[in-house]
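In this note's numbering, the protein residues as written are 9 to 436.
One structure below.
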Ligand code: GDP
Ligand code: IMO
Ligand code: MG
């Protein structure tokens, strides 16, 4: 039995795709446990770049079984496009499995996500407009459609009829838009269901059997800790739980299967969308991080907000997920900075704040306090061992370890597979 959870320790886009791909090489099963196609994971293999939104990044390992767990929300349109995209790039997708219990993103979810954001105006969340929130809302409101319902025409017709009546009332009377046509959706989604059917199975059973057989299972989180619906910067969050304990729920296996938890963090911090961000930079250093780090969204192309690494946030992520090791990504992006900073705590109205506040009002008033270190000002992208890193870069890494009390087990110095420094074995 060997279960490793890999999750974002910040606001998403930490480089989870790259690490999943790296560890996916050693895994027998790679499984996504939450989120949907709001995720955008870029993986670079050799000279080729893969952009994945829904399918686990482990799909690039032809030997791995890749599972979309019950905790994920699935847009069949996106799923089929992604399968086609991978096949066209020569990737074998026969290892893909989809939970029959995963919920389906329907056209009205996407429409409502868009209309809700428009209605919120300046108070918008900045969602990806992929219908994620409305789909999870319906799941919890018990009016969702699961993959198992979708692939059974009779059940699908019955559930769609009932739900569409409610949604059309909402679309017409509240949003003042056109109603959606039952027959059109039914035919279109039934056609897609036929193509998806062969991948659908009881994935909880499958993953449990793999764990019992001593196989290596990698649980791949999407989004990040601070976007968690319970523990993130609510309401500027996503509608699922990226934290590690949700891996058990979102796959349907016992919590004792999670042996280690790898938190993925950038050497700085980024955020897409709205909401407070204590260490955000509006100066040249922030511009440099954005331009050198290509900090523009995979899904929406939006410029990501950039700032210094924040150990208040990382300590919070470590606590919430029981993180046993960190992967520090994109160290190379900081290569040219003369000074680098690490936020150790906040100050709020004269008070020292060491734990991440719940109140957004308080968070907005928090001023970051930094330790400033000399930069290393040389190219690290060709470094392949920890000892070879410049002394100032090692100092930076070890200072983060000091303030998070967690070992940094992996350091990434570029987007490619081999631009990875392993300090400790990650997947036993
Ligand atoms: P994810 O959502 O957590 O998988 O992260 P994204 O894929 O959205 O964003 C991370 C971006 O940084 C991708 O374009 C990666 O190819 C790239 N990347 C990952 N690790 C490194 C690294 O160490 N250095 C550099 N320069 N780029 C990296
Ligand atoms: P990966 O897996 C960064 C953000 C959106 C928005 C908020 C809610 O690539 O790290 P949603 O569409 O989920 O309802 O939007 O969450 N968001 C992400 N930000 N990386 C992601 O995924 C994200 N997925 C959602 O920008 O602020
Ligand atoms: Mg991303």
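Every residue, glycine too, gets a C-beta built ideally from N, C-alpha and C.
Owing to the predicted nature of the structure, the values given are computational and were not obtained by experimental measurement.
Q. How about residue 232: is its Cβ closer than 6 Å to a heavy atom in ligand 3?
A. With a threshold of 6 Å, the Cβ atom of residue 232 does not count as near ligand 3, since no heavy atom of the ligand is closer than that.
Q. Would you say the beta carbon of residue 24 comes nearer than 6 Å to a heavy atom of ligand 1?
A. At a threshold of 6 Å, residue 24 counts as near ligand 1, since its beta carbon sits closer than that to one of the ligand's heavy atoms.
Q) With burial defined as no fewer than 16 other Cβ atoms inside 10 Å of the residue's Cβ, what is the status of residue 151: buried or exposed? A) exposed
Q) Are there three or more Cβ pairs, one per stretch, closer than 8 Å when the segment 203-222 is compared with the segment 250-257? A) no
Q) What are the residues that DSSP puts in a beta bridge with residue 382? A) 347
Q) Under three-state DSSP, which class holds residue 267? A) strand
Q) Near residue 185, which residues of its chain fall below 8 Å by C-beta distance, leaving aside the five closest residues on each side in sequence? A) 119, 123 and 179
Q. Considering residue 327, what are the terminal residues of the beta strand (DSSP E) in which it resides?
A. In the DSSP assignment, residue 327 falls outside any beta strand (DSSP E) and within the unbroken alpha helix (DSSP H) covering 319-329.
Q) Would the beta-carbon of residue 335 fall within 7 Å of that of residue 51? A) no
Q.
Does the beta-carbon of residue 46, which I'm using as the reference point, lie nearer than 6 Å to any heavy atom of ligand 2?
A. For residue 46, the Cβ falls inside the 6 Å cut-off from some heavy atom of ligand 2.
(Q) For residue 204 and residue 391, I'd like the C-alpha separation in whole angstroms. (A) Answer to the nearest angstrom: the Cα atoms are 43 Å apart.
Q | Ordered list of beta strand (DSSP E) runs contained in the segment 94-179, each at least 3 residues | A | 104-107
Q: Write down every uninterrupted run of the beta strand (DSSP E) in the segment 191-273 whose length is 3 residues or greater and which is fully enclosed by it, in chain order.
A: 224-228
(Q) Quick check on DSSP: helix, strand or coil for residue 313? (A) strand
Q: Taking only runs that begin and end inside the segment 368-435, name each unbroken alpha helix (DSSP H) of 4 or more residues, in chain order.
A: 368-373 and 399-412
Q) If you pair each beta-carbon of the segment 100-116 with each one of the segment 69-76, do three or more pairs fall below 8 Å? A) yes
**Q.** Cutoff 6 Å; reference residue 33; Cβ partners in own chain excluding five residues on either side
**A.** Hits under 6 Å: 69.
(Q) Can you give me the C-alpha to C-alpha distance between residue 261 and residue 216, rounded to a whole angstrom? (A) Distance between the alpha carbons of residue 261 and residue 216: 6 Å.
Q) Enumerated in chain order, which unbroken segments of the alpha helix (DSSP H) with a length of 4 residues or greater are wholly contained in the segment 30-104? A) 84-96
Q | Residue environment, residue 54, which counts as buried when at least 16 other CB atoms sit within 10 Å | A | exposed
Q: Grab me the residues of residue 175's own chain with a C-beta within less than 6 Å of its C-beta, minus the 5 sequence neighbours each way, in chain order.
A: Counting only residues of its own chain and dropping the five nearest sequence neighbours on each side, residue 175 has a CB closer than 6 Å to the CB of 116.
Q. Would you say the segment 231-240 touches the segment 59-66, given that touching needs at least three Cβ pairs under 8 Å?
A. no
(Q) Any heavy atom of ligand 1 inside 6 Å of the beta-carbon of residue 200? (A) Between ligand 1 and the CB of residue 200, the shortest heavy atom gap is not smaller than 6 Å.
**Q.** Contact check, residue 314 vs residue 297, beta carbons under 7 Å
**A.** yes
Q: Take the Cβ of residue 366 as the centre, count every other Cβ of all protein chains shown within 10 Å, and call the residue buried at 16 or more, exposed below.
A: exposed
Q. So what's residue 360 in DSSP terms, helix, strand or just coil?
A. strand
**Q.** Alpha carbon of residue 331 to alpha carbon of residue 192, nearest angstrom
**A.** When only Cα atoms are considered, residue 331 and residue 192 end up about 46 Å apart.
**Q.** Member of 165, 388 and 351 whose CA lies at the smallest distance from the CA of residue 407
**A.** Considering only alpha carbons, the answer is 351.
Q.
Quick check: does the Cβ of residue 280 come within less than 6 Å of any heavy atom belonging to ligand 2?
A. yes
Q.
Helix, strand or coil, according to DSSP, for residue 290 in the structure here?
A. coil
Q: Verify the contact flag: residue 29, CB atom, against every heavy atom of ligand 3, threshold strictly below 6 Å.
A: no
**Q.** residue 297 in three-state terms, based on DSSP
**A.** DSSP, read as helix, strand or coil, puts residue 297 in helix.
Q | Limits of the beta strand (DSSP E) - the one that residue 337 falls within | A | Here the beta strand (DSSP E) through residue 337 covers 333-337.
**Q.** For residue 304, the residue or residues it bridges with in DSSP
**A.** 311
Q | residue 183, enclosing beta strand (DSSP E) - first and last residue | A | Element bounds for residue 183: n/a, residue is neither H nor E.
Q) Based on the DSSP secondary-structure assignment, which residues constitute the bridge partners of residue 278? A) DSSP output for residue 278 lists 314 as bridge partner(s).
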